[in-house]
Amino acid sequence: MLEEAVRALREWQHDDEPFQLHPGDVGWYWRFGAEATAAAVRTWRTDGRIVAVGLLDGEDLLRFTIAPDARGDDALALRLADDICDPERGVLPAGTVYVESPRGTRFQELMFERGWQSDVPWTPLRRDLAAPVPDSGVRVEVIGPDRADVHAGVIRASFEKSTFTGERWHAMASGSPHADARCLVAFDDGEAAAAITVWSAGTGRPGLVEPMGVHRDHRGKGLGKAITLAGAAALRELGSSSALVCTPSSNAGAVATYRAAGFAALPEVHDQRRG
Numbered sequence: 001m002l003e004e005a006v007r008a009l010r011e012w013q014h015d016d017e018p019f020q021l022h023p024g025d026v027g028w029y030w031r032f033g034a035e036a037t038a039a040a041v042r043t044w045r046t047d048g049r050i051v052a053v054g055l056l057d058g059e060d061l062l063r064f065t066i067a068p069d070a071r072g073d074d075a076l077a078l079r080l081a082d083d084i085c086d087p088e089r090g091v092l093p094a095g096t097v098y099v100e101s102p103r104g105t106r107f108q109e110l111m112f113e114r115g116w117q118s119d120v121p122w123t124p125l126r127r128d129l130a131a132p133v134p135d136s137g138v139r140v141e142v143i144g145p146d147r148a149d150v151h152a153g154v155i156r157a158s159f160e161k162s163t164f165t166g167e168r169w170h171a172m173a174s175g176s177p178h179a180d181a182r183c184l185v186a187f188d189d190g191e192a193a194a195a196i197t198v199w200s201a202g203t204g205r206p207g208l209v210e211p212m213g214v215h216r217d218h219r220g221k222g223l224g225k226a227i228t229l230a231g232a233a234a235l236r237e238l239g240s241s242s243a244l245v246c247t248p249s250s251n252a253g254a255v256a257t258y259r260a261a262g263f264a265a266l267p268e269v270h271d272q273r274r275g
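This is the structure we're talking about:
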């Protein structure tokens, strides 16, 4: 089921679709292991075909998307809303919970009709990859299994609550989405200073940045822009049509970094919240 869900997510990625759950999101979650990832993925089928995929990202957030040709299906939207709103069905617990889903679907309309509210805004950003990406201007290396600790160490030093380790890097790399991913590290005077992982969904489809971080001791030097440019270049080499990322709108520094690396902001999106 997990591999089938990843394949479906790949097929649903198109540049003219709203920002949505990406196979790279599942690939990044795979750092917790295949068993945990399988337990976190939810799928819905119609006539045997997967038509919706969700990733339970923590206990209270369901990151969720629907097949593009099924987003206006009233019957499917009702089934999804019933399953997600009812704690006894085991998708989300009772209390305050959140759902991330593409804009403009019948499902979202139903959730608002049932009293769910918009939560804080997020800013999706996109960089077109039709033209070559400028050189990052710093030394950047592709990180493989033998240097997993280097990449993991930068990510831990970039995010206050990160639990990423070399062991989790290897777990992430064991997942099928990682076959079309690249982990990169930028160096500052010989020290590992910024890191990014980028995920391709296949040739001609948008790729994803998840995550990108700059070591707390190396900030203010333009390394966020540099490693993001390197990640975009890697996605272009993998055949991606564009590079996507989404960050809280309140994180002005991150939005500015992505803009500096040639990303254009798309319309803000909001999770839906109950409670």
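In UniProt numbering, the protein residues as written are 1 to 275.
Glycine included, every Cβ here is placed at the ideal spot set by N, Cα and C.
(request) Identify, in the order they occur along the chain, each residue of the same chain with its Cβ nearer than 6 angstroms to the Cβ of His-218, setting aside the five sequence neighbours on each side. (result) Around His-218: Asp-188, Ala-193.
(request) Count the C-beta pairs between the region 197–213 and the region 90–100 that are closer than 8 angstroms, then say yes if the count reaches three, no if not. (result) Pairwise C-beta distances place the region 197–213 out of contact with the region 90–100, as fewer than three of them are shorter than 8 angstroms.
(request) Give the secondary structure of Val-209 by DSSP, where H, G and I count as helix, E and B as strand, and everything else as coil. (result) Val-209: strand per DSSP, three-state reduction.
(message) By the three-class DSSP mapping on this structure, what secondary structure does Ile-50 have?
(response) Ile-50 falls in the strand class under three-state DSSP.
(message) Would Pro-68 and His-14 be called neighbours here (beta carbons separated by less than 9 angstroms)?
(response) A contact, by the Cβ cut-off of 9 angstroms.
(message) Quick check on this structure: which residue in Asp-16, Pro-18, Arg-45, Glu-17 has the alpha carbon closest to the alpha carbon of Met-1?
(response) If we check each option's Cα against that of Met-1, Arg-45 comes out closest.
(message) Once the 5 residues before and after Glu-17 are set aside, which same chain residues still bring their CB inside 8 angstroms of it?
(response) Here the set comprises Pro-68, Pro-102.
(request) Tell me Thr-43's beta-bridge partners as DSSP assigns them. (result) Beta-bridge pairing links Thr-43 to Val-53.
(request) Rounded to whole angstroms, what's the CA-CA distance from Ser-240 to Gly-175? Just pull it up for me. (result) As the crow flies, the alpha-carbon of Ser-240 is around 19 angstroms from that of Gly-175.
(request) Following the continuous beta strand (DSSP E) through Ile-196, name the residue where it begins and the one where it ends. (result) Counting along the chain, the beta strand (DSSP E) containing Ile-196 begins and ends at 191–199.
(request) Answer with yes or no whether the minimum CB distance from Asp-128 to chain D is below 9 angstroms. (result) No chain D is present in this structure, which holds just one protein chain.
(message) Rounded to whole angstroms, what is the Cα-Cα separation between Lys-161 and Leu-62?
(response) Lys-161 and Leu-62: Cα-Cα distance of roughly 20 angstroms.
(request) Find out if the Cβ-Cβ distance for the pair Leu-55, Asp-74 is shorter than 9 angstroms. (result) For Leu-55 and Asp-74, no; Cβs fall outside 9 angstroms.
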